[in-house]
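Visitor: In the numbering used here, the protein residues as written are 3 to 231. Ideal Cβ placement from N, Cα and C applies to all residues, glycine included.
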Amino acid sequence: EEGGGTGTDPWRGGLLLAQHIGAWIGGAAVAPAGGLSAETLFRDRHVVELGAGSACLPSMALAAACSHGEGVDLRPRTLVASDGVDETVSAMRRNVAENRLDNSVRVEHIDWNRLPAKKDDTNFVPADTIMFADCVYNEEGASALYDAIQTMLKPGGNVIGVLPDFRVGLDSFEKAMKSGGFCPTIIPRMEKELLIGPNSEKHSTEKFLCSGGGGKHYRLLWWRDCRAQ
3 EEGGGTGTDP WRGGLLLAQH IGAWIGGAAV APAGGLSAET LFRDRHVVEL GAGSACLPSM
63 ALAAACSHGE GVDLRPRTLV ASDGVDETVS AMRRNVAENR LDNSVRVEHI DWNRLPAKKD
123 DTNFVPADTI MFADCVYNEE GASALYDAIQ TMLKPGGNVI GVLPDFRVGL DSFEKAMKSG
183 GFCPTIIPRM EKELLIGPNS EKHSTEKFLC SGGGGKHYRL LWWRDCRAQ
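This is how it looks when you write it as C-alpha cells:
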C-alpha cells in the first residue's frame, strides 16, 4: 500500500512478540516473566496494540492462539489493533478479515498526536494491557508513544513491548517511561524450538521477510504501571 509509511511491511519486532504470545498462550512458557502471567495480561482484559501496522501480527497471534487454545480461557474482553495512518488501517482491516479474525480483533485508527480528543470521548475505554513492537524510530515518535501509553493505560495496567537495541529515540522513550512511573522488567526470550516447534519446517521464520533485521538485538520488556505507588 503506497502511503502507509513504516506500517506497510511487517517488522521483526512484531513477529517476535507474536511468536512469544503464541507460546505463552499455548503453554510453552508458564509465564512471560516473574510476577507476570498470560492470564494477567489477557484474560477478560481490554487489550490494545499501538502502531500495529498492516500485519498486526501480535494481535492476530493473540486472537488465533486464544481461539485454538485448550484449558484456561485466556480470551481478552476486547482486542484492538490500531495504527495512525489511514492507508495502514485499511490494509490491516483487510488482513484481519482474510485471516477470519474480524470477530476477535477490532481495527481502529488511533492517532498518537490527537489523544486528548480520544481521552475525552465518552466511549473511550482505558486499556488494561497495551502491546507494541518496533514503534520507535525518532525522538518525536518516542515522545508520542509515551504520551499514548500514559493516556490510554488504566491505572495499574501492563505494557509489553519489543525494542531494538539501536535506534534514535529509544533512550528518550525508556527514560520517559521510567520517570513517568512505569517499572521495566526484561522478559527472557525463549529458544526458537519453543516458539516454532523443534522440527516444524512449515512454521520456520527463516524465509519470512521482515523489516528490522534478523531480530538478534531485540529486547522484550514488560512495564508495570507504578504511578499510584
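How would you write the range of the alpha helix (DSSP H) that A178 sits in, first residue to last?
Guide: Per DSSP, A178 belongs to the alpha helix (DSSP H) from L172 to S181.
Visitor: Across which residues does DSSP place I162 in a beta bridge pair?
Guide: I162 is bridged to M133 and W224.
Visitor: Using 8 Å as the threshold, is the segment 91-108 in touch with the segment 122-131, meaning 3 or more CB pairs across them?
Guide: No contact exists between the segment 91-108 and the segment 122-131.
Visitor: Looking at C-alpha atoms only, which residue of A83, G163, S145 and I162 is the closest neighbour of K177?
Guide: Among A83, G163, S145 and I162, the Cα nearest to that of K177 is on S145.
Visitor: Using the DSSP secondary-structure output, state which residues sit across from C58 in a beta bridge.
Guide: In the DSSP output, where bridge partners are listed per residue, C58 has none listed.
Visitor: Under 8 Å, do V161 and F184 count as touching if we go by C-beta distance?
Guide: Cβ distance < 8 Å, so V161 and F184 count as in contact.
Visitor: Report all residues from its chain with a CB closer than 6 Å to the CB of V50; omit the five preceding and five following residues, and keep chain order.
Guide: Closer than 6 Å at Cβ, skipping near neighbours: V82, A129 and I132.
Visitor: Tell me whether F184 sits in a helix, a strand or coil according to DSSP, three-state version.
Guide: Strand, per DSSP.
Visitor: Taking only three categories from DSSP, how would you classify S39?
Guide: Of the three classes helix, strand and coil, the one that applies to S39 here is coil, per DSSP.
Visitor: Looking at C-alpha atoms only, which residue of A57, G53 and P78 is the closest neighbour of E41?
Guide: The option with the nearest alpha carbon to E41 is P78.
Visitor: If you draw a straight line from the alpha carbon of E110 to that of S84, how long is it in whole angstroms?
Guide: Their Cα atoms are separated by approximately 5 Å.
Visitor: Need the endpoints of the alpha helix (DSSP H) that A150 sits in, please.
Guide: Per DSSP, A150 belongs to the alpha helix (DSSP H) from E141 to M154.
Visitor: In terms of residue numbering, what span does the alpha helix (DSSP H) encompassing V98 cover?
Guide: Where V98 is concerned, the enclosing alpha helix (DSSP H) stretches over D88 to E100.
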